[in-house]
Amino acid sequence: MGKTSVGVLGLQGDVIEHLEALHRAGLAGLEVKTREELQRVDALIIPGGESTTVAKLLDRFALREPLVARIRGGMPTWGTCMGMIVLSTEIVGMPDQPTLGVLDVAVLRNAFGRQVESAEVPLDIPALGGSPFPGVFIRAPWVERVGEGVEVLCHLQGKAVMVRQGNILGTSFHPELTRDGRMHRWFADWCMRAKSAA
Ligand code: GLN
C-alpha cells in the first residue's frame, strides 16, 4: 500500500502551513486545485481563510460537486476554521452564503468575542490525550447546534469547537499554526485506517 496522500484545498487561506504540518507528521501532502488533483488524494484538509471568498472559488474552479461526491463517498475530510464553515449545513444568520452542506452543524462565524478573537487557548481534547492542546483562534466560528450523529470532541466556553461526523472533522482552531503536531498525526492515523479498510 502506498503512502497516504492528504490533499490541502489550495484555493485560498493557510495552505502552506497545513502542507508543512503534514510533512512534519510524516505524510505526503498535495495541494488540490483541480478535479484531477482531488481524485489523486486519499484525504483532504480544507484550511483556514475567508469562507465567502472560497464559496465563490469553489464554483469558479468547478470543485463543488466533485468535492461533495468524494466527501459523501467516505474520504476523510478535515476543515479548520473557515474549512469547517465551508463543510457545514448552516451558517447562523447567513442563509444565502453557500456551503458544501456535508457536516450537519450550524456554525456562527466570527463568534468568539475579543477574549479569544485571535488568541492561543489551552484546550482539553480527551481524544488526543496528554497535555492541553494549544488552540489558535483567529476570528473563529463556534458550533451553535449539532445534528444527530455528530460527536463533540472539544468545548471552549461551553461552545463546541471540535466536532466529528463519520469521516468529517471540523475544528474552530488552527493546529497548523502551532508546533504541536498531535492533531495532524491523529488525523493521519485516521486516514491510514480508512485507507487500509477500503
Ligand atoms: N472569519 C473567517 C470566515 O468566517 C474564518 C477565519 C479563519 O479561517 N481563520 O470566513
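Add 52 to a position in the sequence shown, counting from 1, and you land on the number used in the working numbering. Using N, Cα and C, we set each Cβ at its ideal position, and we do this for glycine too. Since the model is a prediction, treat every value here as computed from it, not as a measurement.
Beta-ladder partner(s) of Ala95, from DSSP: Looking up residue 95 in the sequence shown gives position 43. In the DSSP output, where bridge partners are listed per residue, Ala95 has Val58.
Does DSSP classify Arg197 as helix, strand or coil? Position 145 of the sequence shown, counting from 1, holds the residue named residue 197. Looking at Arg197 - three-state DSSP - the assignment turns out to be strand.
Under the three-state DSSP convention, the category His236 falls into: The residue labelled residue 236 in the question sits at position 184 within the sequence shown. Residue state for His236 is assigned as helix, using DSSP reduced to three classes.
Is the number of C-beta pairs between the segment 121-130 and the segment 177-190 that are closer than 8 Å three or more? no
Rounded to the nearest angstrom, how far is the Cβ of Val106 from that of Leu63, given a contact under 8 Å? Stepping through the sequence shown from its first residue, residue 106 is reached at position 54. Stepping through the sequence shown from its first residue, residue 63 is reached at position 11. At roughly 6 Å, the Cβ-Cβ gap stays under 8 Å, so Val106 and Leu63 are in contact.
Would you say the beta carbon of Met134 is closer than 7 Å to some non-hydrogen atom of the ligand GLN? Working through the sequence shown from its first residue, we reach residue 134 at position 82. Yes.
Given a threshold of 16 other Cβ atoms within 10 Å of its Cβ, counted over all protein chains shown, does Asn219 qualify as buried or as exposed? In the sequence shown, residue 219 corresponds to position 167, counting from 1. Under this definition Asn219 is a buried residue.
Alpha-carbon to alpha-carbon, Leu175 and Asp156: Locating residue 156 in the sequence shown gives position 104, where the first residue counts as 1. Locating residue 175 in the sequence shown gives position 123, where the first residue counts as 1. About 23 Å.
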